[in-house]
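Chemist:
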Amino acid sequence: MRPTEAPLDWTRVDVAVPRAPLRTPGAAMAGFRHGVSAPVDIAMVAHPAVTLLVDLSGEGELVHRARDRHGRGSVVVGLLPGDFRAGGLVGECLQIRLEPVVAASVFGVSAGSDGAVVSLADVWGREAERFEEGLRAAGSWEDRFALAADVLGRRLGAGPRVDPEVAHAWRRTFGRRGRVRVDGLADEVGWSRKRLSARFRSQLGVTPKRAARLVRFDRAARLLAAGHAAADVAAGSGYADQSHLHREVREFTGLTPSAVAVAPWLAIDDVAWPASSPARRPADRA
């Protein structure tokens, strides 16, 4: 992957989103078309979802790296590691985000684990190639979204199920924007803290505490990108103080809060996934 010296110009990227709600619960999709034949290299900010990037070039032009791992083509990224970068000369790419409860059935726990970066071919075998070919042959982004939803729905129906207690704990964590205590979640589902932590980790690939920290970070990162001051973000996101926010942002991204505020990938989220962006809502109510 060759880095670009100038920031990625998102005005040269066409973004397509489904016109109607997806039939697959816990999934979100967006299509990207880069209109300039030039190398792209972009850091993707950690997000509380398992991410599938589908290379639509047909030539393995999508390249990616995380830590010392490099690869080409379609990839499943478990709860985005903070040092994940993607790019290359690919002109079109489909991104699918799956909540971990859904991803555990669609991909399996190992693919969704915290920090995992796995080739789609290694996860789905020959079906991965058929999936990519079908998407490339589709006549429009809407056709691609529908095809992807059908494939995800079939795999979801056939895959292993997460315990209802684990699913409840995840959705409670996400709904409360990470401001939960593991003891409280355990009480809600009638399990011990130890049992909940063990089952949560074995089925979603991350501990409940790590999940809460990631969800809280995601909320804070989006508020920063929406232009809110770091001190206000810290207070509104449940951090002890601004220093606490700084440490968490540094751990998840390797960046300062001010650098995260202008991260190119977050800038596009308001277009690709507007429902998840606080830019459209007051910070104290979002």
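Count the sequence shown with this note's numbering and you get residues 6 to 291, in order. The beta-carbon is built from N, C-alpha and C at its ideal position, and this holds for glycine as well. Since we're looking at a predicted model, the values are computed, not measured.
To which residues of the same chain is VAL265 closer than 8 Å at the C-beta, ignoring the five residues directly before and after it?
Modeler: In chain order, VAL50, ALA226, LEU229, ALA230, VAL254, THR258, LEU271 place their CB closer than 8 Å to the CB of VAL265, counting only its own chain and leaving out the 5 sequence neighbours on each side.
Chemist: What whole-angstrom Cβ distance do ALA35 and ALA21 have, given they're in contact under 8 Å?
Modeler: 7 Å
Chemist: If you drop the 5 nearest sequence neighbours on each side, which residues of the same chain put their C-beta closer than 6 Å to that of TYR295?
Modeler: Because residue 295 is not part of the residues shown, which for the chain are 6 to 291, the question remains open.
Chemist: Taking 8 Å as the threshold, find out whether the stretch 133–145 comes into contact with the stretch 169–186 through three or more Cβ pairs.
Modeler: no
Chemist: May I have the straight-line CA-CA distance separating VAL107 from LEU125, to the nearest angstrom?
Modeler: Whole-angstrom Cα-Cα distance: 16 Å.
Chemist: Consult DSSP for VAL22 and reduce its assignment to one of helix, strand or coil.
Modeler: DSSP places VAL22 in coil when its eight states are reduced to three.
Chemist: If you pair each beta-carbon of the stretch 54–73 with each one of the stretch 90–102, do three or more pairs fall below 8 Å?
Modeler: Here the stretch 54–73 lies against the stretch 90–102, with 3 or more beta-carbon pairs under 8 Å apart.
Chemist: Taking the CB atoms as reference points, tell me whether VAL83 and GLY210 lie closer together than 8 Å.
Modeler: Note that residue 83 is Gly in the sequence shown, not Val. Yes, Cβ-Cβ distance for GLY83 and GLY210 is below 8 Å.
Chemist: Can you list, in chain order, the stretches of the alpha helix (DSSP H) that have 4 or more residues and sit fully within the stretch 221–246?
Modeler: 235–242
Chemist: Within 10 angstroms of its Cβ, does SER79 collect 16 or more other Cβ (buried), or is it exposed?
Modeler: buried
Chemist: Express the C-alpha separation of PRO23 and GLY120 in angstroms, rounding to a whole number.
Modeler: 28 Å
Chemist: Taking the CB atoms as reference points, tell me whether SER110 and GLY76 lie closer together than 8 Å.
Modeler: no
Chemist: According to DSSP, simplified to helix, strand and coil, what is ALA143?
Modeler: coil
Chemist: How big is the Cα-Cα spacing for GLY183 and GLY63?
Modeler: If you take the alpha carbons of GLY183 and GLY63, they lie about 39 Å apart.
Chemist: Counting along the chain, where does the beta strand (DSSP E) carrying ARG38 start and finish?
Modeler: 32–39
Chemist: Per the DSSP calculation, HIS173 is bridged to which residue(s)?
Modeler: Its beta-bridge partners do not exist; DSSP assigns none.
Chemist: Use the C-beta contact count for GLU138: other C-beta atoms within 10 angstroms, 16 or more gives buried, fewer gives exposed.
Modeler: exposed
Chemist: With DSSP collapsed to three states, give me the class of TRP278.
Modeler: coil
Chemist: Just to confirm the assignment, what range does the beta strand (DSSP E) spanning VAL81 have?
Modeler: 80–82
Chemist: Can you list the alpha helix (DSSP H) stretches of 4 or more residues lying completely in the stretch 160–222, in chain order?
Modeler: Runs of the alpha helix (DSSP H) inside the stretch 160–222: 169–180, 187–194, 198–209.
Chemist: Do three or more CB pairs link the stretch 180–199 to the stretch 210–224 at distances below 8 Å?
Modeler: yes
Chemist: Alpha carbon to alpha carbon, what distance is there between TRP146 and LEU161?
Modeler: 22 Å
Chemist: Would the beta-carbon of ALA48 fall within 8 Å of that of ARG74?
Modeler: no
Chemist: In angstroms, rounded to a whole number, what distance separates the CA positions of ARG166 and ARG206?
Modeler: Straight through space, the alpha carbons of ARG206 and ARG166 are spaced by roughly 14 Å.
Chemist: Helix, strand or coil: how does DSSP classify MET6 here?
Modeler: Confidence is the limiting factor: at MET6 the pLDDT is only 28, short of 50, which leaves the residue's position unreliable, though a coordinate-based value still follows. It is coil, neither helix nor strand.
Chemist: Let me check one thing: in DSSP terms, what residues is LEU103 bridge-paired to?
Modeler: ALA32, VAL55, per the DSSP bridge assignment.
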